[in-house]
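Chains as they are written, first to last, in our numbering: chain A, 1 to 377; chain B, 378 to 1517; chain C, 1518 to 1698; chain D, 1699 to 1838. All C-beta atoms in this analysis are idealised placements derived from N, C-alpha and C, irrespective of residue type, glycine included. I have placed the structure first, in the form of structure tokens, so that the comments after it can refer back to it.
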Amino acid sequence: MMIKIEQEDNSLTKGLQQFFKRLLESEEIDALFLPVRLKDSFSIMPSLVTDPAQIEAAVPLSPSFPLNSGRMVSRLSYKESGRKTAVLLRPCEIRAFIELIKLKQGSRQELILIGIDCPKALSLSDYAAYMEKDPLDDDAYIQKVFSANEETLNGFNFSSACNTCENPFPVNTDMNILLQGVDFSDGMIVESGSEAGRNILESLNMSEASMPEKREEIMAQIKEVNSKANEAMVEDITEKTDSILKLNAFFDRCINCYNCRNMCPVCYCKECVFNTDVFYHQPVQYHQWAEKKGLVKLPTDTVFYHLTRLAHISHACVGCGQCSNACPSDINVFEVFKSVAQTTQAAFGYSPGIDENEPPPLSVFNEREFEDIVGIK
Amino acid sequence: MAIGKTLVAGAGLSGIRSALDLAETGYKVLLIDQSDHIGGLLCQLDNQFPTSKCGYCRMLPMFDRDRSSQHCLRKGLFHENIEILLSTQLMSVEGEPGDLKVTLKQNPSLIDPSLCTGCGECERVCSVFVDDPFNEGLTKRKAVYLPSPQSFSNAYTIDYTACTRCGECEKICPTGAIKFIDQDREKFKILVVDDEKIVRDSMKEWLKEEGFSVATADSGQKALELMDDRLFNMMLTDIKMPGMDGVELLAKAKEKNEDLCVIMMTAYAAVDSAVDAMKQGALDYLTKPFDPDVLISMALKVYHEFEIAEARVEQVDALILAGGTQFYKPELGKNPYGYGVLPGVVTGMEFERLISGTGLGKGKLIHPKTGKPVRKIAWFQCVGSRDVQADAGFCSSVCCMISIKEAILAKEKYGQDLETTLFYMDMRTIGKSFDEYRLKAQEENQVRFVRARIHSLDEDLKKKDGSLLARYVDLQGNIHEDDFDLVVLATGQRPAKQMTELAVKNDIGINPWGFIETTPFSIIKTSRAGILSGGSLSGLKDISDSVTCASAAALGACKIMHEAGKQPIDAHAIDMDDLTILARENPRILTVLCSCDKDLSQTLDLEKLKLDLDRIPENQSVEIMDKFCTDEGWKTLADMIQKTNPNRLILGACLPCIQKQRVKELSKESGLHSSLVETLDIISILKQYPDSQIPKTTQRIERELKALISKARFKNPVPGERLESNQNALVIGGGIAGITAALSIADCGYHVDLVEKDDAIGGNLLWMDKTVDNLDIQAYLDEKVKELESHNQVTIHKKTKTESTAQNPGEFLTFLKKDGEPDETILHGVTLLATGGSQAPLMKDNEDPQQKELTQKEFEMGVQDHKIDPEKLETVVMIQCSGTRDEKRNYCSRVCCIRALKNALFLKDKNSDIQVYILYRDMMSYGFYEEYYTEAKNRGVIFFQYDSANKPLTQIQEDKVLVKTRDLLLDMPVEIEADCVIHATGILPDLPAELADQYGADLDTFHFFKEADSKFRPVDSMNYRVFSCGLSLKPCTIEEAVASAEAAAIRAVRILSHERLVSGKMVADTRTATCSMCEMCVDTCPYGARFVDSLEEKIVIDPAACQGCGVCAAVCPSGSAVLEGLDRRLMLDVIDMALL
Amino acid sequence: MGQANNKGYLEQTETIKTMIQTCIQCGTCTASCPNIEFMDITPRHMWRLLLMDHVDALFLSKSFIMCSSCYYCTLRCPRGLELTNAMSLLKQTASKLKLKQFQRSSLFYKAFLDSVKKHGRVKEIEFMTHFFISMKNPMIPFGFAPLGLKLMLKGKVRPEFPSGGSGKLTALFKKVAELEE
Amino acid sequence: METFEPVIVAFVCNWCTYTAADLAGTSRLSYPTNIRLIRVMCTGMVDPQYVIKAFLEGADGVLISGCHPGDCHYINGNYKARRRIKLLKEILPRFGIERDRLRLTWIGASDGIEFAEIMTQLNDQIIEMGPSQTRLNKAI
């Protein structure tokens, strides 16, 4: 079913706030998880809200993407809390969360997943600069991103992850807020995606809406544009890293801070193996390496770390770009990952974050598969 | 308390299985084999049904793995509780169960295995070639040889019958391992009896040349006179002599000297009488005229086996005979297929050795004579089976499946365009997955199945390329002549000669064919108490049945030992304290290299080696020593260890010095635990490099040693985890399998809860009257039930169901729901699923108010209740495979054909005028049941074969049933008006999926219990504490159900006998602090060894279930799942070292 | 099963049936038979007919007449059945029952044996003459004429007049006849 | 010029391929000495990290060899290994480590001859391909 969210005081943001407030006030929902502008700050952070009054600070759509909230939702749901929570997530956050469900790091049991057409994002550093320079108000941002489909924001480029994203639309949710192809003068549309979502929308008693005609077409356009951008990006990054020596150069600033993996939503390990005693080498070990090669760069195990991480989770990469965001040395980790992820996902016919029942490729096998890779011919 | 000990005679598949089951339980085993290697036939078979590969190693112990070998069984076997004696024969048995005196004879080895480094110099210089029996004579070997290509010990053996004692090998052996025993052959006195002087004289000359004392006699009378004078060791006598003939002489001579070895000599035409003589105690025979070499080798064999061989008398509690089977030799019969005459005719075993990687073709399929590639192969079934002209009124049970396997294998290995044809009479696919396998062969691999018996085989004279022409007739009566490059004869079983002889001498019953005979309802008990038969000795069995039978025999032995008051060993009473302290110490590694009597500095830069290794902080020192193998060297080493006090040792030496037993000895003397010793076969490595390459060689040795130092550094000295293990059993199901399993476990001294859902114990046996061999089933059941009810170790829960189960490592907790009694919760360590099965219901298309169409069970019960009077019946039709062996239930139920034969014979007994017709697809009268098929035919039962596409139809008429089928041979429709039709509907298992799932067991496609390995672990589930037997496992006869129950029982007892189970040192663990609980490790573990402890929120491990494969560690990205003993740190370090 | 027309064969063939009762229809006998191409039904087919009591059909066929007693089938039969003996018993039965379709071969055998009985060997011309006479069909000799001439030209047979013969084998034949009684 | 002698690391399973390697040894079959065998319990325990590590430390080729499908002592470890090798064969070529430098084979316990043949062929192939770039690598 589809319902309409009217503008409130000529504001889309307020209209959305009103919708979320109704949702929170309904008996179905105990708490809401969505981006909220923190007091006296321009920081917009995902927050768990139980007081309907606090909804006024919610900013459901903004260029701020400080972290992939899929990871946070897993913290909220990996065990039972006895409360029903509605969570608003970007498409890549949903995908990340679905991947985490497969890894038993979260559960949909007590959640209502609300998806939203992706409002794109700036990188962390760009967002800070943009807020200081000349921020648009929240409504103007929405108009700019969705009506005009602008590719820049006051001189700031949207992040590479967003520009090359081939799936900026939510799937497998309980309900979705539709924005692309929607005539905002008529409000916005919420579409139910599951039985539970439908029941909630029905209980809200709001006026029904129908699917905007141009939506499909616009979605296809966006996908095409992004897909082209992606191809170009992959070609470029492949050229930059197509040998081990180039890869070394690419990662030579890596300081083993592991921020990329800390911010990666699908790197679900409590502690990375590279942080364990396995890599706490004996002093003599460094000497042995140096003696073998004549020189050894420290910290060691940097390229090793990135290649391992590719082997561990490239198949699950949802393309959110938070790894690049997190890098203090400004290494474009994301692009390397995305370019590899594409190949590994295709190799196993795997689509991360779409269906929680699709098992991760390395957790299963088929007796008759990949027979061509066996043997030395 | 005395520790129980069993002798297992025969170290093939079943012998090994019996031995391992007993050893795991904690009993001592003496495992002997007359051949020079263990593993039996299976060592020669690289590929087994159904994977076309091998799973032999899956028989190895699953817990306390470090006490036994953990490598391919082809390399040999080692277990702390098993003493293995090769080239050893069991001569006699005396005494009672629990106190048997066995006499063994072991052939002396001319090569000391503790000195042989396997360098092969002896083989190089040996100039004698003989047929290699390991390759079925397809290849040649020297008189000094490696017993099996893969044996771990790698020690050479001398074939004393072929050896000419030229002494070259003794001279060249670098370690002095070869010593020809000073043989005083003159003391060996031979008497030659023949009426022809020339024969006497030439034989005397030949034998004297070999150094024996020889006397001659020209008649039996003379011979006996000579025997009064002196004691002879051996007599060679002609059979046909004037006056007293050889057979009479044999009898009289044996009266005088029981131990005299007699060889008969006879003309070719009189072989029969020679064979008769052997039945009367002759050892062997020679056919005249014979080659002096044949005579000499036979004399030498006797000399070695009876004179030089050392007799050894052992006291054991029980004896398991596991001598296996022998195969029919086509060349000794009428040989219509020209085996040995025509090129390209081989036996099944030869085919296996032809294509083996270690066989003639070295993995390629070539013609054994011409060496050309082979494109067309035929398999002929029933060669020496089901053939009274070959003295075989029996079926050999397994050849059909072996041939299908070989055909599939040939296709898979050598290309699908290879043409394979299988000629057969009845395709006896008598196992639960066999029909599917046949279908796979037919459809997927395009193996051609032709129902025809080949009359004869000739060379194709038109083609003249050595191809063979086979002539046969098809069902329509058309004659065909097909040509083949290779013909494989599926040769049938024959009793193992030596075992039959042993049986005859020791009052162990044999059947008319010479196979060991077992007692009613048992396939393991021989006629002599305390002596059990395992495996194929009592009739050829496939791997699965052999293993089951061998386990059952082990159970029999276990019961005997328990009843005799003998104990298993508690091996786990190790003092852990010292080791725990050791674990906290920093590694101090001592590296010792043995120069093996060579100057190592000629091949290695020892200075550099020492210098480099000394730079590794943990490595204390590198020492070079000479000859560990000598007492002196050994002592020096022990002293050095005492002095330097290392807590890890690296030993580089030749193979015999680094063998596990040797290391164990060293550890005993030096106090350094054997698991802390790493070994390297440096001599083999050095051999790979020319002397000139000192830097390269040094680098290699250095690399290998560094990798070992890494390993040693990370070694945890504390032995495997110990798991408290519950010692009670739960048996679910009170049919004959459940009853037997419960009694068997209870008889071994462990408590059993038996749960039965009905209020009567007995299951299917309750409705059965007699077996096909006329045994009284009710009497048997009564006896068993009485035994069960009065057993103080058994608690019977009738009208009870198991409702829910929780499994913790080491223990199950099962909630019993009782009808009419308070519910109960029981704790148990093992679970046996013996829920049985039932006859499938009859799918009736017709209205049948008078019950004219019956199932076999309905018919038998009708007779018992006097509702059916055989005397009033005129015509009875039996329809086999009714609703089974088709798309829905494509498996053979194994028992229905035999049951039909039984019923047919019963009807004929009661009413000789009755007409009985049996409509069948393949008559599954396997093994010795074939006799009942013949008997039924003799009694006038008429058999119609039908194919699955044209099933018989029935139509109810007034008081008759009209059965319509087709006579395939006459190619005409047949209508039979029957008074009653008996359908063989087959067996349905009765094992609910929920129940199996509750205990972590799986079901197969047909809802039978799924074995962990259908061949090598035939009663186990993947959950190592859960077993199944009887009909829930697979369709089976009563004695087969009993055997599977006994097998399941010993598998359970081997766990129950331990208060604590010890894991291997290589065992999985979890680093809980870093674990994210994604449960990938839980899902990936093939053994279900990982559990989620939801209370503590962590992953726990059943260390006994874990087999140390490390797959869990590889799926865990954070490294929280670890394989102790081969963990990530060690592996990365080893890789580093490998790439230095 | 309906055995409407057994024409009294059943009794005769019961013994032969018991001889082949354990036949498993493997077809070895058929594949081994050197005369198979002259047979209208295969030996295996014959045994099956016998086993099924289709004796009438069995005697409609002349396959067993074609048996040349080479004993191949007997040698190879996995059931050890005395098939060659069964074949000759069938021949004898056919002859005893004086079945029309076997008249010719019965008379042929009789003429053959009469000749042997008389001379201790076969005197071809006399034997064939007796055979032709006994067949009471003047057309039959013409069928054999080409073969006869060929043999005569090659000197394989000599024209001869019937003679008394030595009769040395008469006693032997008598004894056999007694035994067969 | 000195001929190129590649460094090849072979992870072999304890049950099948290691037995075959042993057999090749006792049968005195010759195969290149520069192949460094590392015995693992099962190919299923070969972590992708081990392969990456070997390449980064300068291996010119890496071989993983275990039991034939259906033959695994641990039931299905080899199938799991095959997926992992598939994964690595997708990742490593992207960074210039050619696909064929990483090999997976099944060598059964009695295939001593096959073992020697495969080792020889593999060695020849790697010689053909030339040294891996990772030899020049100073970082890990």
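Within this structure, are the beta carbons of residue i and residue j separated by less than 9 Å?
{"i": "C/Cys1540", "j": "C/Tyr1589", "result": "no"}
{"i": "B/Gly416", "j": "B/Leu437", "result": "no"}
{"i": "B/Pro1186", "j": "B/Asp1479", "result": "yes"}
{"i": "B/Ser780", "j": "B/Trp756", "result": "yes"}
Along chain C, in chain order, which residues have C-beta atoms closer than 8 Å to that of residue i?
{"i": "B/Arg830", "result": "Cys1543, Gly1544, Thr1545, Ala1548 and Pro1595"}
Can you give me the C-alpha to C-alpha distance between residue i and residue j, rounded to a whole angstrom?
{"i": "B/Tyr662", "j": "B/Gln598", "result": "21 Å"}
{"i": "B/Leu627", "j": "B/Arg607", "result": "17 Å"}
{"i": "A/Ile3", "j": "A/Gly115", "result": "15 Å"}
{"i": "B/Ile570", "j": "B/Asp649", "result": "As written in the sequence, residue 570 of chain B is Val, which differs from the Ile given in the question. The straight-line gap from Cα to Cα measures roughly 20 Å."}
{"i": "C/Asn1552", "j": "C/Phe1581", "result": "10 Å"}
{"i": "B/Gly1487", "j": "D/Gly1742", "result": "7 Å"}
{"i": "C/Asn1522", "j": "B/Gln819", "result": "Reliability of the predicted coordinates at C/Asn1522 is poor, the pLDDT of 46 falling under 50, and the value obtained from them is presented with this limitation in mind. So the two alpha carbons sit approximately 44 Å from each other."}
{"i": "B/Pro750", "j": "A/Gly294", "result": "56 Å"}
{"i": "A/Trp289", "j": "A/Pro299", "result": "12 Å"}
{"i": "B/Ser1440", "j": "B/Thr1179", "result": "30 Å"}
{"i": "C/Leu1600", "j": "C/Phe1629", "result": "24 Å"}
Show which residues of chain A have a CB atom less than 7 Å away from the CB atom of residue i.
{"i": "D/Thr1803", "result": "Val374, Gly375 and Ile376"}
{"i": "B/Cys1462", "result": "Per Cβ cutoff of 7 Å: no residues; B/Cys1462 is ~12 Å from chain A at best."}
For residue i, list the residues DSSP reports as bridge partners.
{"i": "B/Arg1025", "result": "B/Ile966"}
{"i": "C/Phe1690", "result": "Answer is none; C/Phe1690 lacks a bridge partner."}
{"i": "B/Arg825", "result": "B/Thr798"}
{"i": "B/Ala1355", "result": "B/Val1338"}
{"i": "B/Leu1523", "result": "Any answer about residue 1523 of chain B is impossible in this case: the structure gives chain B only from 378 up to 1517."}
{"i": "B/Asp919", "result": "In the DSSP output, where bridge partners are listed per residue, B/Asp919 has none listed."}
Using the beta-carbon of each residue, which ones in chain C are nearer than 9 Å to residue i?
{"i": "B/Arg848", "result": "Ala1548 and Ser1549"}
Using the beta-carbon of each residue, which ones in chain B are nearer than 7 Å to residue i?
{"i": "A/Leu362", "result": "Val1492"}
So which residues on chain B does residue i lean against when the C-beta distance must stay under 8 Å?
{"i": "C/Thr1559", "result": "Val850 and Gly854"}
Identify the contact partners of residue i in chain A, using a Cβ-Cβ distance below 8 Å as the criterion.
{"i": "D/Tyr1716", "result": "Simply none; closest approach about 18 Å."}
{"i": "B/Cys1452", "result": "Lys270"}
Give me the chain D residues within the contact set of residue i, using Cβ-Cβ distance strictly less than 9 Å, ordered along the chain.
{"i": "A/Ser194", "result": "Residues of chain D passing the Cβ test: none, with the nearest at roughly 32 Å."}
* Between the segment 1335 to 1353 of chain B and the segment 1198 to 1216 of chain B, do three or more beta carbon pairs fall short of 8 Å? -> No: the two stretches stay apart, fewer than three of their Cβ pairs being nearer than 8 Å.
* Three-pair Cβ contact test at 8 Å for the segment 696 to 712 of chain B versus the segment 864 to 879 of chain B -> yes
* How about the segment 781 to 800 of chain B and the segment 910 to 921 of chain B: do they share at least three Cβ pairs that are nearer than 8 Å? -> The answer is no - the segment 910 to 921 of chain B does not touch the segment 781 to 800 of chain B, with fewer than three Cβ pairs under 8 Å.
* **Cβ pair count under 8 Å reaching 3, the segment 152 to 167 of chain A against the segment 121 to 136 of chain A** => yes
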